[in-house]
Structures are given as structure tokens and as C-alpha cells.
Amino acid sequence: MEKLIQLAAKDILVSKYVIALTGAGISTESAIPDFRGPKGLWTTDKKAEARAYERYELFLTNPGAYWEEMMGTGGAYGEFYGKIREAEPNPGHHALAELEGLGILKCVVTQNIDGLHVKAGNRKVWEYHGSVSRLRCVSCGARFDLDEVSLDELPPRCRCGAPLKYDVVHFKEPIPSDVMEESEKEALRCDLMLVCGTSAVVYPFASLPRVAKFRRGIARYGSLSGESTANVKIIEVNAEPTSLTCEGISDYFIQGKTGEILPAIVEEVKRIRSDCPGDS
Ligand code: NAD
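Below you can see the structure in the form of C-alpha cells.
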């Protein structure tokens, strides 16, 4: 593991455009459970997973019932979102913020809806699946901070009159086009991608490492396989191997906790820089 951390630090220092992709695993050390890890919410409760698949349709057909479920009166989501809003960044988030502060990390594209990268100090963060701290109108696209909107009457409504939903992307719901396009541009531009704490099974997010590797957009995802000629490194940091590891999309896999491995990589980056200041 130590050798891989040293290798990652060297690769980062010779790269020109480093980005990070993150998933629920980076926030488990902030006491937010993931979905599919060994103790994940859905690993332990299959009914919760089934309900999640129906949530977007519930909003479209009965926004009042959607809000009752999200507020916790008809389900556990209010509690989960409350826990998320109270959470604090952990050493994994802080390491990525420090890497941006060093001028090395250009952006974070996260699946997480917890806002912890922003709280940790990262300035360029694409929240691919939105944030529990905002509401969004699916009709006109307007976004509102949660504290701007009264939840006394459900469902809350946008200025345009349509019901508002959480600004999170539920299953079967399209990714907002602004975030989707910018994230794909970042994947096409990077020459090193750190993929941290994701099972890489939720699409289209999980196609971003492949987009980087094969230098082709998501629309052509069907042809993203075979040998890559792009000069891009994909480094995966996760508790367990994923399809990215097994299909050889990752150049290498560092197994363990993001809260331990990412700070160790950043320390190594700083050590190499201070030993050889002219090299980076
Ligand atoms: P996932 O639950 O499918 O997978 C998490 C992965 O991280 C697993 O492979 C797990 O083994 C690994 N992991 C757990 N703790 C880790 C740690 N400390 N260090 C390294 N790896 C660790 O998560 P996903 O791939 O992000 O997909 C789940 C979806 O659920 C996403 O769309 C996300 O929006 C949502 N989600 C978000 C949060 C959050 O915002 N914190 C929490 C749960 C789910």
C-alpha cells in the first residue's frame, strides 16, 4: 500500500489536470452510511432500495405523498437527510480540499448529496446528484436554498406554481443538463482521475472514468471499451474492488479508507515537492 501511495503522489505531480470523482464511501467516515457497502442502507434494507426506485414517480404523480415520505412522516428519509445536513467533513474531504489549495486538484465531481466537499473548502465542485440543502423546480429549473422555502404546507411550490422537489437526483430522474455537461467536459480534459469511495454502479456517473479513459462522450458510451490510447491515469481508492478495478479501467487500485489514504497521498505530494521544489 505504501508503494501505491508513493506512486499515486508521483503520478499526481507529473499530471497537468487532476480531478477527483467521489461517492458515498468518502462520507462514511463522517457517519453518513453508504448504500451498497457491507453496512450500507440498502445492503441491510432491501425494501428501502425498492422504495428509492419509485421515489421520482411518486413525486410526479403525488408530490404531497413524496414530501411526507421525505420529511419522515411516512418513511425514514427525513432522518437520513437531517443526519446528512448535520455531518462534518472528515480527513478524506480535507485532503481533497488541500490538494485543490496546492493548485493541483482542478475540481471534484461528486455523487454525494451531502455538501461536504464544499464545507471542507473545495471551490470547484460539481454535485452530479444535487444536494439535500437545496430544492429544485422540475418545471422551470429554478433552485432554492432549503431555508428560503417554507415547508409548512406540502408540497412547497416554486414561483412558477409547480411543486418543488429536493434538488437530488432520484432513480429514473434525468441528471440536470448543466452539471452533466460540465462533468463530462472535466472527464474529457483530465489527465489524472482519482476515483474515491464509489461502487461505480450508478450510471451515467459511473461512465465518467470510461469517458476519461477512452476520450469519448457519454453519448458514445456503447463503444467505450478495448485498448485506450489516451494518456490518462485512473487511480481508484476504495474499500473493495469494483467493476472499474475488475475491467482494468483503473490503472491501479488502492484498497482502504479514503480518510486514511487520501491524506497519506497529499502528505507524500507535499514531501516530494519540498524535497525537489523544481520538479513540479
Ligand atoms: P455506494 O454506496 O454504491 O458505494 C460506496 C462504496 O464506497 C462501496 O464500494 C464501499 O465499499 C466504499 N466505501 C465505504 N466506506 C469507504 C471508506 N471509508 N473508504 C473507501 N471506500 C469506502 O455509493 P455510490 O457509488 O456513491 O452510489 C450511491 C448513490 O447514493 C449515489 O448516487 C449517492 O448520491 C447516493 N448516496 C449519497 C450519500 C452521501 O451524500 N453521503 C450517502 C449514501 C448514498
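Our numbering applies: residue 32 is where the sequence shown begins, and numbers increase by one.
Where is the CB? At the ideal position from N, CA and C, for every residue including glycine.
- A residue is called buried when at least 16 other Cβ atoms come within 10 angstroms of its Cβ; R302 does not meet this threshold and is exposed.
- Less than 8 angstroms divides the Cβ of H148 from the Cβ of H124.
- In this structure the segment 36-49 lies against the segment 266-286, because at least three pairs of beta carbons, one per stretch, are closer than 8 angstroms.
- Contact check between the segment 183-197 and the segment 157-171: three or more CB pairs, one atom from each, fall below 8 angstroms, which counts as touching.
- With a minimum length of 4 residues, there is no unbroken run of alpha helix (DSSP H) contained wholly in the segment 150-205.
- Between the alpha carbons of F175 and R165 lies a gap of roughly 5 angstroms.
- Contact annotation: S162 and D198 have beta-carbon atoms nearer than 8 angstroms.
- Following the DSSP letters along the chain, one finds V263 in no alpha helix (DSSP H), marked with neither H nor E.
- Within the chosen limit of 7 angstroms, the ligand NAD does not reach the beta carbon of A62 with any heavy atom.
- Contact annotation: P294 and L52 have beta-carbon atoms that are not nearer than 8 angstroms.
- Just so you know, the alpha carbons of E213 and V140 end up roughly 9 angstroms apart.
- Here K137 is actually not in contact with K150; their C-beta atoms are around 19 angstroms apart, not less than 8 angstroms.
- Out of E99, E298, A81, I63, the CA that lies nearest to the CA of R116 is found in I63.
- If you look at I292, you'll find it isn't in any beta strand (DSSP E); it sits in the alpha helix (DSSP H) that goes 289-306.
- Rounded to whole angstroms, the gap between the alpha carbons of E215 and A126 is 23 angstroms.
- Taking a cut-off of 8 angstroms for Cβ pairs, the segment 285-292 and the segment 66-81 do not touch, as fewer than three such pairs fall below it.
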